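Asker:
Protein chains: 4
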Amino acid sequence: MVIAGGDGSFKGAQKLAHKGMNVIGIPCTIDGDISCSDYTIGFDTAVNTAMRAIDNIRDTASSHEKCSMIEVMGRNAGYIALWCGIANGAESVVIPETYDYNEVKIMKTIAKHRENGKKNNIIINAEGVGDTSKMAKRIQAISGIHVRATILSYIQRGGTPTCRDRVYASVMGAKAVDLLCEGKSNRIVAYKNGNFVDYDVDEALSMKGGMTEGLKYMYEILEDLSV
Amino acid sequence: MVIAGGDGSFKGAQKLAHKGMNVIGIPCTIDGDISCSDYTIGFDTAVNTAMRAIDNIRDTASSHEKCSMIEVMGRNAGYIALWCGIANGAESVVIPETYDYNEVKIMKTIAKHRENGKKNNIIINAEGVGDTSKMAKRIQAISGIHVRATILSYIQRGGTPTCRDRVYASVMGAKAVDLLCEGKSNRIVAYKNGNFVDYDVDEALSMKGGMTEGLKYMYEILEDLSV
Amino acid sequence: MVIAGGDGSFKGAQKLAHKGMNVIGIPCTIDGDISCSDYTIGFDTAVNTAMRAIDNIRDTASSHEKCSMIEVMGRNAGYIALWCGIANGAESVVIPETYDYNEVKIMKTIAKHRENGKKNNIIINAEGVGDTSKMAKRIQAISGIHVRATILSYIQRGGTPTCRDRVYASVMGAKAVDLLCEGKSNRIVAYKNGNFVDYDVDEALSMKGGMTEGLKYMYEILEDLSV
Amino acid sequence: MVIAGGDGSFKGAQKLAHKGMNVIGIPCTIDGDISCSDYTIGFDTAVNTAMRAIDNIRDTASSHEKCSMIEVMGRNAGYIALWCGIANGAESVVIPETYDYNEVKIMKTIAKHRENGKKNNIIINAEGVGDTSKMAKRIQAISGIHVRATILSYIQRGGTPTCRDRVYASVMGAKAVDLLCEGKSNRIVAYKNGNFVDYDVDEALSMKGGMTEGLKYMYEILEDLSV
C-alpha cells in the first residue's frame, strides 16, 4: 500500500505497518512543510498558480498605486509565501516561522518603500499568521494607506499539475513500488539534498521542521532583494 | 484624441468635444456593462481568468464535498458572473440585475442540488450583490452546510490579454483613428449585432442597460443547465 | 439527435433528417469557416493557443533578430491566421483567400520592415497556402535572411476550452435541444450578427464562404497595423 | 561582472577573469546540460511549455488514434525530452545520450503498444537525434502507421518564467553578487545536491556531462512507466 500525504497520514501508515501491512509513504502537500523531504508533491503547482495570480494583481497595483495584501496557503508554514515573495518581487512577506505579530513593523516597511519612490506594495501573508482581511483593515485604519486584501484560498489547490510535480510524483511512486517489491514497509520516500531516498517512518517524523536552514537562507535573500 | 473607458469617461469625452477637440471613445471595462456596445475591451481576459480560477476551486470542491461561494468582479453588472456561471457549470449565480436579497432561496437551491446527489456546489456572486464573506457565513450558520468564500478581486484585472481582446481592441482602435481622419468627433466606437459601428455620445449614453434581452437569455440558459 | 461539425457533417444530418430522424446541427470546427455562422465552436480555444505559442516565439525573435514563419491550422480558411496576425502584431499574414503564390512579395515585405528598423519578423501562414517548411527554405535561399519555420499543428486542437467556447457551446446546445423539443428537424443553429439563430440545412449550406466582408475588413486592418 | 550562460560563456568569463576582471558565471540554458549544476535557469519554463503543448497534442491523439512524434529542444542533451516523457506519459523518448539510430526498435515499440491496446502513441525526440520530420516519414513509410511530426522549436524559448526559474535565478544572482562583494572571481554559481554552491571555472568545466547517474535513473523510470 502506498499512502500519499503529510505527517498525519504517515502516522496512520505506521500503525498499518505495525499491524503487518506493507506500507510506504510519499510526501504530498501543497504546503511544502514535511520535514523529512525537501520537496512535497503539489507544492510546485500551487506556488505557480499563486504566483500568476499575484502577477495579475501586480498589474493593477502598478497602474493604480495601491497596496495589496495577499494571503496564500501553507497552514503553519511559509514556503508558498516565501517562494512567491521572491518570484513576485514582493515588498514584504509575513510567515509564521518569523512573524512577531508587530503590525507597526509592516507599516514601517510600507512607508519606507513609499519614501524610496515605490508607488505600489505587494505584501504576501502565509495563512498561518492570521486573518488577512482584518490585518489589512487595521493597517489601513492606522496608516491611512489604502490596503486591499485578497485571499487566494482554494484557487491554489487545483489545476493541471506542473512538470516538476508530475515528474517527482512519478519518480517517488516508482520508488515506493520498488520498495514494496523488495518487501520493505514502514518507510517514507523523500527528496533530500537533490536525491530520492527513503527513511524509516520514526526517523522521518522525528526530523525538525519550522525555520530550517534552507528557509532561513531564502528569507535573507528575499530581504536583500526587497530593499 | 481617443478615450478608452466607460460611461464616465465618455461624459468627459463629450465635454472635450464640445470645447472643440476631436474626441472618439472606445468602450473599455472588464465589467461588460456599457449599454451602447455588446462587447467591452477587457471582458474576455477577465472572464477567462475568473473561469480558470473557478475551475481550480471546482477541483478541490469535487474531492472534498464543499460548497464554494465565489465573488467575481462586475460592479453593478452580472456579465462576468453569468458567463462564468455557464462556463464553470455553477449551481447558482447571484447577479444584481435579478437578485432579491432572499438568501433562503439560495439555501433552497443548495439543498435541492444535495438532494439530487450533487456533492459540491459552486455559487458565483457578482460583487454588486454585497459582501460575499458575510453572505457565506450567514448561509453556513443557518443551513449548517460548510460554505467557503473566495473573493477573486484584482486577480481578474491583469494578465496577458486574450485573442478576442487584442483583436477587438485593434479593430476599435483602427476605427477610432479612421473617424478622426474623417474629421469626426464626439462619437463612440461600439460592437453591436456582430458589427463594429459608431454612435453619437448622446445616443450612446441614452441606451438602456441593466437586464437586457441578451442578459435575460443567458440567465435562462444558466437556469436550464444548472438543474 | 444533435450533430456537432462542419458542412460535411451537416450533409449527413440532412440525409438523416430526410429519413425521418429529428436532427439539429451545431457549427463546430477550430477553422472558423462555416458560412452560415459567424462563430464556430472551438475557434476561440485554438486561436488563443496559437497566439500564446506565437507570443513565445516573438520573445526569442525579439532577442535574436530572426525571421519566423509560423504555420497555423485552418485548412482552406484564413481565420486563425488573420486573428493571430492582428493579436500577435505579425508583419505578414498569408491566407488562402488572398494569396497569389508570389513569394517575391513576401520577401519585399520582409525587406521593407528591415529597412524601417524592425529587427525581427513574424509571418503567419494558414496551412491552406502550402508547405511552410519549404516556403521558408526557398525564401531564405533567395533573400539570404535566416527564416525559421514552426508548424503549430495539433497543439491547436487540444487544451482546456476558453470561456467563449464553453458559453457559446452551452447556448447553442440549449437552442438545439429547444428546437428538438419543438419537434423541429433539419436545421442548423448559428451565430449571426450577434444573435443565436437557426437555418434550414439547405439554406445554411448555400451560404457563401471564402473572402467574406468580415474577413476582408479584418485583412485591411491587419495591413494598416503591420506597416 | 555576472555572466549568465553555458560552457561557452564560462570560457569567456575565464578569459576576462585572467585579464583581471572580477567575473562570476551563472548556469543559464533551457537545455539543462551544464555539467557542474543540477539545474540551469530557463529549464523549468521551457519544459512546462513543452509539456503543455504535448498535453494538447495528446488530446487530439486520444480522440483520433494517431501516432505523434514531437521534437523538443535540448541540443545534444535529452533533459527536456526525458522530463516531458515522464510528465506526458510518452510511449517512447529518443535522446542523444542513448539513441543507437535504430528506427526498427522505435517501430517495434509502437507495434507493442498497439498490441497492448493503446490507440495512440506519443514519441518525444530530443532535437539532437536528427530531423524529426524525416524520421516520421520513414517510420510511416515502413510501418504503415500514420505518424504526424510536430517541431515545438522556439515556442519553448519564451513565455512568462515559472516560479522555480524566478526563485533559483534570484538566489543564484544574489549569490553571485555576494561573491563579487567578497572580492572573488573566476567562479561559477551552481545548484548541486540540493544546495547553492560555487566552483572554480576550471573545476566546473572539467565535470562530466552526458549520461549522468541522474539522467540514467530518470530514463529507467520512464521505461518502467511506459510499458
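Chains as they are written, first to last, in my numbering: chain A, 1 to 227; chain B, 1001 to 1227; chain C, 2001 to 2227; chain D, 3001 to 3227. Note that beta-carbon positions come from the ideal geometry of N, C-alpha and C, so glycine has one too. Since this is a predicted model, take the numbers as computed values, not measurements.
(1) For the beta strand (DSSP E) holding A3004/D, just list the boundary residues, first then last.
(2) Find out if the Cβ-Cβ distance for the pair D1200/B, V1189/B is shorter than 8 angstroms.
(3) From G2130/C, W2083/C and G2085/C, pick the residue whose C-alpha is nearest to that of D2100/C; which is it?
(4) Since V1023/B is in the alpha helix (DSSP H), which residue starts that stretch and which ends it?
(5) Measuring alpha carbon to alpha carbon, tell me which of G89/A, K192/A and L215/A ends up nearest A204/A.
(6) Ordered along the chain, which non-local residues of its own chain (more than five positions away) have a Cβ less than 8 angstroms from that of L225/A?
(7) Roughly how many angstroms separate the alpha carbons of V227/A and N116/A, rounded to a whole number?
(8) Below 8 angstroms between beta carbons: does that hold for I2026/C and G2173/C?
(9) For the pair the segment 1174 to 1183 of chain B and the segment 2055 to 2063 of chain C, tell me if three or more CB-CB distances fall below 8 angstroms.
(10) Please report how far the alpha carbon of P2161/C lies from the alpha carbon of A2050/C, in whole angstroms.
(11) Out of I2110/C, F2010/C, T2040/C and N2022/C, which one is the CA nearest neighbour of S2068/C?
(12) Quick test of the definition: if touching needs 3 or more C-beta pairs under 8 angstroms, does the segment 3037 to 3047 of chain D touch the segment 3071 to 3082 of chain D?
(13) From the beta carbon of M1135/B, is the nearest beta carbon of chain C less than 8 angstroms away?
(14) Where does the unbroken alpha helix (DSSP H) through T2040/C begin, and where does it stop?
(15) Nearest chain C C-beta to R1166/B closer than 8 angstroms, yes or no?
(16) Answer yes or no: do A2126/C and I2095/C have a C-beta to C-beta separation smaller than 8 angstroms?
(17) Shortest alpha-carbon distance to D1033/B belongs to which of W1083/B, G1158/B and K1118/B?
(18) Is it buried or exposed for E91/A, if we count other Cβ within 10 angstroms and need 16 for buried?
(19) Once the 5 residues before and after H3113/D are set aside, which same chain residues still bring their CB inside 6 angstroms of it?
(20) Name, in chain order, the residues that DSSP records as bridge partners for K2192/C.
(21) Give me the residue from F196/A, Y154/A and S35/A with the minimum Cα distance to V1147/B.
(22) Chain D partners of M51/A, CB-CB under 7 angstroms?
(23) From which residue to which residue does the beta strand (DSSP E) around I2151/C run?
(24) Tell me which residues share the same chain as I1123/B and place their Cβ nearer than 6 angstroms to its Cβ, disregarding the 5 neighbours each side in the sequence.
(25) Note down, in chain order, each residue of its chain lying with its Cβ closer than 8 angstroms to the Cβ of A136/A, except the 5 sequence neighbours on either side.
(26) Looking only at C-alpha atoms, which of A3141/D, A3017/D and A3169/D sits nearest to I3000/D?
(27) Can you look up S2185/C in the DSSP assignment and give me helix, strand or coil?
(28) According to DSSP, simplified to helix, strand and coil, what is S2226/C?
(29) Since G1194/B and G2194/C are thought to touch, with beta carbons under 8 angstroms apart, how far apart are those beta carbons, to the nearest angstrom?
(30) Can you give me the C-alpha to C-alpha distance between L1016/B and D1165/B, rounded to a whole angstrom?
(31) Using a Cβ cut-off of 9 angstroms, pull out every chain E residue sitting near D1033/B, in sequence order please.
(32) Starting from S1068/B, trace the beta strand (DSSP E) in both directions and tell me its first and last residue.
(33) Take Y1217/B as the anchor and find which of E1097/B, N1022/B and R1052/B has the nearest alpha-carbon.
(34) Contact criterion: CB-CB distance below 8 angstroms. Does G3159/D meet it with respect to chain A?
(35) Within 8 angstroms of any Cβ in chain D, is that where the Cβ of I2123/C sits?
(36) Tell me which residue opens and which closes the beta strand (DSSP E) that S2092/C is part of.
Answerer: In short:
(1) Counted as a single uninterrupted DSSP element, the beta strand (DSSP E) harbouring A3004/D occupies residues V3002 to G3005.
(2) no
(3) Out of G2130/C, W2083/C and G2085/C, G2130/C has the C-alpha closest to the C-alpha of D2100/C.
(4) Premise fails: V1023/B is in no alpha helix (DSSP H) and is neither H nor E.
(5) K192/A
(6) Correct list, in chain order: I86 and G89.
(7) 9 angstroms
(8) yes
(9) no
(10) Rounded to the nearest angstrom, the two C-alpha atoms are 13 angstroms apart.
(11) I2110/C
(12) yes
(13) no
(14) Premise fails: T2040/C is in no alpha helix (DSSP H) and is neither H nor E.
(15) It does; some Cβ of chain C falls within 8 angstroms.
(16) Judged by their CB atoms, A2126/C and I2095/C are nearer to each other than the 8 angstroms cut-off.
(17) W1083/B
(18) Answer is buried; the Cβ neighbour count reaches 16.
(19) E3091 and N3121
(20) N2195/C
(21) Measuring from the Cα of V1147/B, the nearest candidate turns out to be Y154/A.
(22) C3163
(23) V2147 to I2151
(24) M1069 and S1092
(25) M69, V147, R148 and A149
(26) As shown, chain D starts at 3001 and ends at 3227. That puts residue 3000/D outside it, with no answer to give.
(27) Coil.
(28) coil
(29) 4 angstroms
(30) 27 angstroms
(31) Any reference to chain E falls outside this structure, whose protein chains are A, B, C and D.
(32) C1067 to V1072
(33) Cα-wise, what sits closest to Y1217/B is E1097/B.
(34) no
(35) no
(36) Per DSSP, the continuous beta strand (DSSP E) segment holding S2092/C begins and ends at S2092 to V2094.
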